[in-house]
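Visitor: For the protein sequence lines, the chains are A and B, in the order given. Take the first sequence: its position 105, counting from 1, is numbered 104 in numbering that gives the first Met the number 0, and each next residue is one higher. Take the second sequence: its position 669, counting from 1, is numbered 668 in numbering that gives the first Met the number 0, and each next residue is one higher. We put the CB at the ideal spot given by N, CA and C, even for glycine. If you scroll down you'll find the structure; I have some questions about it.
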Amino acid sequence: MLTLTCPCCGVSGEETEFHAGGEAHLKRYGPGSSDNDFEGYLFMRENPKGVHFERWRHVYGCGKWFLAARCTATLEVFGTYPAQTTEPPQDIKDKITAKRPGWSWRDFA
Amino acid sequence: MSTRLQSKGRLVDTTQPMEFRFNGKRLKGYAGDTLASALLANDQMLMGRSFKYHRPRGAVASGAEEPNALVNLGQGGKFEPNQRATTTELFEGLYATSQNHWPTLEFDVGAVNAALARFLPAGFYYKMFIHPRPFWKYVYEPFIRQSAGLGKAPKERDADTYEHFYFYADVMVIGGGIAGLTAALEAGRAGARVLLVEQTAHWGGRAVVDGAEIGGKPAEDWVAETVAELAAMDNVTIRARTMGAGVYDHGFILAYERLTDHNPETSGPRHRLWRVRAKQTISATGAIERPLSFAGNDIPGVMLAGAVRDYLVNWGVSIGDRTVVVTNNDDAYRTAIALHRAGLRVPAILDARASGGGALADEARAAGIRVEAGRAIAKVKGGKRVEAVEVCLQAGEGAVLETIPCDAVAMSGGWSPVVHLWSHCGGKLLWDTELAMFRPDPARAPTGSDGLGFVAAAGTANGHLGTSAVLADAQSAGRAAAKATGAKPKTGKAPQSNDADEAPIEPVWLMPQGAGDALRMKAWLDYQNDVKVSDVQLAAREGYESVEHAKRYTTLGMATDQGKLSNINGLAVLSGALDQAIPVTGTTTFRPPYTPISMGAIGGSARDGLFQPIRKTPIYGYHVDQNADFEPVGHWRRPYTYPRSAETVHDAVNREVVNTRANIGLLDASTLGKLIVKGPDAGRFLDMMYTNMMSNLAIGKCRYGLMCSENGFLSDDGVVARIDEDTWLCHTTTGGADRIHAWMEDWLQCEWWDWKVYVANVTEQYAQVAVVGPKARKLLEKLGGMDVSKETLPFMQWADGTLGGFPVRVYRISFSGELSYEIAVPASLGRAFWDRLVADGEEFGLMPYGTECLHILRAEKGFIMIGDETDGTVIPQDLGLNWAISKKKDDYLGKRAQEREHMVDPKRWKLVGLETLDGSVIPDGAYAVAAGKNANGQRNTEGRVTSTYYSATLKRGIAMGLILNGPDRMGDVVEFPKVDGTSVKAKIVDQVFYDKAGEKQDV
């Protein structure tokens, strides 16, 4: 059972206090978008063994959504950050690079 | 004969005799006994039958690793199967029966399987039961079910209680032997918060049995002093009878405390499940001795050498007068010496090593014990008891040199560190060729959220066998763990012991090494599942080369002991058969729990009223008083109907339907979700949430709205009211309140975080009552306080005011097709307001109605219900709800998805009404069949029923359903087969059965 730290209220809690919400940094495609773009937005997901970015909600806490960078193989948590962003903050990316040199995930590296 | 010696043993309290029953026999033991030691003291060697061949079996071990001595324990509400006699502490009145035998333990019919063993090899079931196919259902499956399973499932409700307990530790130490005590002491002295658990009732592990010296004093004294010091530390918690059951992600540990098993008369919970978060965990779990694989190694009386020593030293029990010791390492010599000192005979020590043993062998010889090097057991003679062993050369093929009569065999194939807890969360192992064991690889420890190791093994569990080495290793493990949590460890040297010089172990995986077929077929690896050396070799020949495949093919290690005795021997045999090194074969996966834990402990106090919180509306007490028939709706309990005296549920529902259409019905609608959406961007936001336009809703008005997922599927519906310039109130379904609130938060926080909108879930802040029926207005006018006329408060509007002195918000909305007012009052006034309506409504024929009546009223009007007409694959267009989908908006959630090819396919089933030709009710979930059959030979379908009821208003069955081309087929007849083979025919009609013009709700 994972432990995570909510970047909004600062509480470290057990997984049961949070709710996982799938992949982070999805770009929404609405009316007018191509079938390919819409399919990618709705269905296509990364399934990495290693660095991954996810959405979590502190559902039995402050109620805020946040994003987490973690390793799906070792369950190491590189960091959590507020959801109001379209890409991982530089300090999180630096932390990952220090531990997993040469990592990449979608367009991020 | 096994018997109790005069010396009694270190754990037995002879001042406290106890009586217990085994298979109806009254037997005597003492406080401090285990059930196994007490049975052995009464010469009850035979304790059970094996799973497949029903072979007679006795205890082979003395602790948690025991695979044979499983019993049914207790009776009635305290009955529990598959309990290990070796870990069951004796108490007065204990009641046990043996398992897996018929008709009796001594004479078992199933033992005929053993005679057929030649024909029941590994994979027998897979090979045998494939053909002919029809035999599976009527012959094979019933036969396998009859013979499968060990103990019987309890029939009565568990009479005991259980609990969970949360604990946070800096350092958790699992195992109360000298390693665990040392590690806990070091971490405790450093000031860390320590939790130390030991699975048995006693501290000190093997050291106290083997009589080691620690720091110049007997281990017994050192252990007592250390436990006293730990108990006196405020920062240390110690618990005996508590097993470290599992190690999970990020330092989550489960421990299983058995509080009253040893004394069931005590009050309080029986088991306690400790849910521990530890920064560092030390696994000081010791080692388990391995059996040797020789023919007849499962006959009662053949036992692990360490177990023979335990029974002798701890409980004063002798397994027999004459014990032959067979070994490949020096430790078993301790058993021979201990037996000799107790005045028992050791006819011979058969040491498989050509070079023999070290200092302990010299000691044995000096005591006059015959020691034979390079010797092995060819075969144990006997049936339900050991009678003799046939001796051969280990290097040979089993030619008998000599037959030695004896009553017991003490065997030792070496020790395997208990690496389970190390491995649960990903710790990796090394094969130590010199010590012939898998041991933890400290470079590959399980890692936590910071990527660093959080488990360390210490002492024997870490592969150290000598006492001095164990103490030094445990000391450094305790200090390192404390340091990792920020504490400051003390310095100083670990105490020393008087270790004898031991000769190295020589691995022996088969005895004798050249044993032929006949011997290998009697050499057991897994006692409980009857897996023999020959089975594993067969699996290898048949291509099951992966250890995980071989395990499942042979069932090696799949019994309740999870291979504690058999795994290493089994994979060594597999490696031999595949001609590869043991580490290449590797181990199977170690999974928690370490030994089985009770279902009760897992559930804890979550049963009955505490299983799940029940949500109650402010009016709940009235429903209870009226003996309402309740149904669960999410976590709510809502009245299904209110039966009166002798009335059936069905009759009550029909009465409520008729009365609501004729007079007044009262519905507790408090469970409806109520979300306040407020802010400068609230209108724009709701335009995205709903398929229709909400931003242009006039203040004071209501509008029905639909919500879809991004996949386009209908997800929730409800009426939205515009409260003021920047405030809307959104009603959701009862089950949807929390989900839709979370859905709105998700979009506001993660997609449109710059939009200024605030959402509050006020579902529980209001009680809401629907006053429904043609006389509803008369009742409200009687209460007085506000104008509820059509002119002032028309259909689909709302108004604030007072009614009968209660502050109310009244919505003119209708889910029944009748004149209807949904009235919200503050939750605290809900019951009083309801009671007032009931009292004042009597003269108008008011009756409360439940959820079933609600369903029928809405179905008569053709209104959809989320979860009936929708199932996650239905879009609003399927339901004829295009009128509620805005054509003006560029975007809303689900809009893009609804443009997809499949969503605009004219062949999608569409909603219509269904009227049965004979007036009967179509069964729930029925499918309409079409001509022809599909590729699987099933009848083609052309639709299905979504809602189906008996309409008390129309006195006939009515239904709605999704039908192929439905709206274009009005008047067509479709056929719905029923489970009894007949079918019901229904005409496709308009879905609105009652008041098609909608005049009654708009008066």
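Quick one, which residues of the segment 70-87 of chain A are near chain B if we go by CB-CB under 7 Å, in chain order?
Guide: Residues passing the 7 Å Cβ filter: Thr73, Leu74, Glu75, Val76, Ala82, Gln83.
Visitor: For B:Pro773, which option in B:Thr659, B:Arg156, B:Lys932 has the closest C-alpha, if you only look at C-alpha atoms?
Guide: Counting from one through the second sequence, the residue named residue 773 of chain B turns up at place 774. With distances taken between Cα atoms, B:Pro773 lies closest to B:Thr659.
Visitor: Which residues of chain B have a Cβ atom closer than 7 Å to the Cβ of A:Phe37, listed in chain order?
Guide: Translated into positions along the first sequence, residue 37 of chain A becomes position 38. Ordered by position in chain B, the residues that pass the 7 Å Cβ test against A:Phe37 are Arg895.
Visitor: Does any CB atom of chain B fall closer than 7 Å to the CB of A:Gly29?
Guide: Here the question's residue 29 of chain A lines up with position 30 in the first sequence. Closer than 7 Å: yes.
Visitor: Below 8 Å between beta carbons is the criterion; list the residues of the segment 867-889 of chain B that meet it against any residue of chain A, in chain order.
Guide: Cβ contacts with chain A come from Asp889.
Visitor: Name, please, each residue of chain B whose Cβ falls closer than 8 Å to the Cβ of A:Trp64.
Guide: On the first sequence, residue 64 of chain A is found 65 positions in, with the first residue counted as 1. Near A:Trp64 (Cβ distances below 8 Å), the residues of chain B are Glu744, Asp745, Gln748, Cys749.
Visitor: Report the option in B:Asn41, B:Ile581, B:Glu744, B:Ile962 whose CA atom is closest to the CA atom of B:Lys677.
Guide: Looking up residue 677 of chain B in the second sequence gives position 678. The shortest Cα separation from B:Lys677 among B:Asn41, B:Ile581, B:Glu744, B:Ile962 belongs to B:Glu744.
Visitor: If you draw a straight line from the C-alpha of B:Trp751 to the C-alpha of B:Thr732, how long is it?
Guide: The residue labelled residue 751 of chain B in the question sits at position 752 within the second sequence. The residue labelled residue 732 of chain B in the question sits at position 733 within the second sequence. C-alpha separation (whole angstroms): 25 Å.
Visitor: For A:Cys61, count neighbouring Cβ atoms within 10 angstroms of its own Cβ and tell me buried if that reaches 16, exposed if not.
Guide: For the purposes of this step, residue 61 of chain A is taken as residue 62 along the first sequence, with counting starting at 1. Under this definition A:Cys61 is an exposed residue.
Visitor: Are the CB atoms of B:Ile596 and B:Leu420 within a distance shorter than 7 Å?
Guide: Taking the first residue of the second sequence as position 1, residue 420 of chain B is located at position 421. Taking the first residue of the second sequence as position 1, residue 596 of chain B is located at position 597. No; because the gap between Cβ atoms is not below 7 Å, this pair is not in contact.
Visitor: Tell me, please, whether the CB atom of B:Thr446 is closer than 7 Å to any CB atom in chain A?
Guide: Reading the second sequence from its first residue, position 447 is the one you call residue 446 of chain B. At least one chain A Cβ lies under 7 Å of B:Thr446.
Visitor: Could you say if the segment 176-188 of chain B and the segment 208-226 of chain B meet the contact criterion of at least three C-beta pairs nearer than 8 Å?
Guide: Flag = yes, the segment 176-188 of chain B and the segment 208-226 of chain B touch.
Visitor: Counting Cβ pairs closer than 8 Å, one from the segment 45-60 of chain B and one from the segment 286-306 of chain B, do we hit at least three?
Guide: Counting Cβ pairs under 8 Å, three or more are found: they touch.
Visitor: What residue does the beta strand (DSSP E) around B:Asp715 start on, and which one ends it?
Guide: What you label residue 715 of chain B is simply residue 716 of the second sequence in a count that begins at 1. 713-723 is the span of the beta strand (DSSP E), which, as asked, contains B:Asp715.
Visitor: Could you tell me whether the segment 53-60 of chain A touches the segment 708-727 of chain B, where touching means 3 or more Cβ pairs closer than 8 Å?
Guide: The segment 53-60 of chain A, when compared against the segment 708-727 of chain B, does not touch it at the 8 Å Cβ threshold.
Visitor: Taking the alpha carbon of B:Pro793 as the reference point, which residue from B:Gly956, B:Leu802, B:Gly804, B:Arg776 has its own alpha carbon closest?
Guide: Along the second sequence, read from residue 1 onward, the residue named residue 793 of chain B stands at position 794. Measuring from the Cα of B:Pro793, the nearest candidate turns out to be B:Arg776.
Visitor: Please list the residues of the segment 450-462 of chain B that have a C-beta atom closer than 8 Å to any C-beta atom in chain A, keeping them in chain order.
Guide: Residues passing the 8 Å Cβ filter: Gly450.
Visitor: Identify every residue that forms a DSSP beta bridge with B:Asp516.
Guide: Taking the second sequence and counting its residues from 1, the one referred to as residue 516 of chain B is at position 517. DSSP, once it has assigned bridges, lists no residue as partnering B:Asp516.
Visitor: For B:Glu371 and B:Thr402, I'd like the C-alpha separation in whole angstroms.
Guide: In the second sequence, counting from the first residue as 1, residue 371 of chain B sits at position 372. In the second sequence, counting from the first residue as 1, residue 402 of chain B sits at position 403. The alpha-carbon atoms of B:Glu371 and B:Thr402 are separated by roughly 14 Å.
Visitor: Assuming B:Val972 and B:Leu818 are in contact, meaning their beta carbons sit under 8 Å apart, how far apart are those beta carbons, in whole angstroms?
Guide: If you number the second sequence from 1, residue 972 of chain B lands on position 973. If you number the second sequence from 1, residue 818 of chain B lands on position 819. With 8 Å as the limit, B:Val972 and B:Leu818 do not qualify as a contact, their Cβ atoms being about 36 Å apart.
Visitor: Is it right to say B:Lys887 is buried, meaning 16 or more other beta carbons lie within 10 angstroms of its own, or is it exposed?
Guide: As a first step, residue 887 of chain B must be located in the second sequence, where it is residue number 888. The residue in question, B:Lys887, is exposed, as its Cβ has fewer than 16 Cβ neighbours within 10 Å.
Visitor: Judging by CA-CA distance, which residue of B:Arg3, B:Ala493, B:Pro591 is the nearest neighbour of B:Val246?
Guide: Taking the first residue of the second sequence as 1, we reach residue 246 of chain B at position 247. B:Val246 has its Cα closest to that of B:Pro591, out of B:Arg3, B:Ala493, B:Pro591.
Visitor: Where are the alpha helix (DSSP H) runs, 4 residues long or more, that stay fully inside the segment 570-607 of chain B, in chain order?
Guide: Complete alpha helix (DSSP H) runs here, min 4: 581-584, 598-602.
Visitor: When the cut-off is 7 Å and only beta carbons count, does B:Asp248 lie next to chain A?
Guide: As a first step, residue 248 of chain B must be located in the second sequence, where it is residue number 249. True, the Cβ-Cβ gap to chain A drops below 7 Å.
Visitor: Verify whether the separation of the beta carbon atoms of B:Asp867 and B:Ser950 is less than 7 Å.
Guide: Here residue 867 of chain B refers to the residue found at position 868 when the second sequence is read from its first residue. Here residue 950 of chain B refers to the residue found at position 951 when the second sequence is read from its first residue. Cβ distance not < 7 Å, so B:Asp867 and B:Ser950 don't count as in contact.
Visitor: Tell me the DSSP secondary structure of B:Lys563 in three-state form.
Guide: Mapped onto the second sequence, residue 563 of chain B falls at position 564. Coil.
Visitor: Looking at B:Lys755: is its Cβ nearer than 7 Å to the Cβ of B:Asp680?
Guide: Counting from one through the second sequence, the residue named residue 755 of chain B turns up at place 756. Counting from one through the second sequence, the residue named residue 680 of chain B turns up at place 681. Contact: yes.
Visitor: Measuring only the C-alpha atoms, how far is B:Ala35 from B:Ala58?
Guide: Here residue 35 of chain B corresponds to residue number 36 of the second sequence, with the count starting at 1. Here residue 58 of chain B corresponds to residue number 59 of the second sequence, with the count starting at 1. About 7 Å.
Visitor: So, do the segment 273-292 of chain B and the segment 159-173 of chain B have three or more beta carbon pairs nearer to each other than 8 Å?
Guide: Cβ pair count under 8 Å is three or more, so yes.
Visitor: When you compare each of B:Ile698, B:Pro503, B:Ser827, B:Asp667 to B:Asp329 by their alpha carbons, which one comes out closest?
Guide: Within the second sequence, residue 329 of chain B is the residue found at index 330, counting from 1. It is B:Pro503 whose Cα lies nearest to the Cα of B:Asp329.
Visitor: Cβ closer than 9 Å: which chain B residues qualify as neighbours of A:Met43?
Guide: In the first sequence, residue 43 of chain A corresponds to position 44, counting from 1. Correct list: empty, because the minimum Cβ distance to chain B is about 14 Å.
Visitor: Looking at the structure shown, is B:Ala486 part of a helix, part of a strand, or coil, going by DSSP?
Guide: The residue given as residue 486 of chain B occupies position 487 in the second sequence. The answer is coil: DSSP assigns B:Ala486 none of H, G, I, E or B.
Visitor: For B:Asn234, I'd like the list of residues in its chain whose CB is within less than 8 Å of its CB, leaving aside the five on either flank, ordered along the chain.
Guide: As a position in the second sequence, residue 234 of chain B is number 235, starting the count at 1. Counting only Cβ-Cβ distances below 8 Å, and skipping sequence neighbours, we find Gly187, Gly190, Ala191, Arg192, Val193.
Visitor: Quick one: what does DSSP say A:Cys8 is sitting in, helix, strand or coil?
Guide: Taking the first sequence and counting its residues from 1, one reaches residue 8 of chain A at position 9. Looking at A:Cys8 - three-state DSSP - the assignment turns out to be coil, as it is neither helix nor strand.
Visitor: Does the Cβ of B:Pro617 have 16 or more other Cβ atoms within 10 Å, making it buried, or fewer, making it exposed?
Guide: Locating residue 617 of chain B in the second sequence gives position 618, counting from the first residue. Buried, by the Cβ-count rule.
Visitor: Just reading off the beta strand (DSSP E) that B:His163 is part of, what are its end residues?
Guide: Numbered from 1 along the second sequence, position 164 holds the residue referred to as residue 163 of chain B. Its beta strand (DSSP E) spans residues 161-173.
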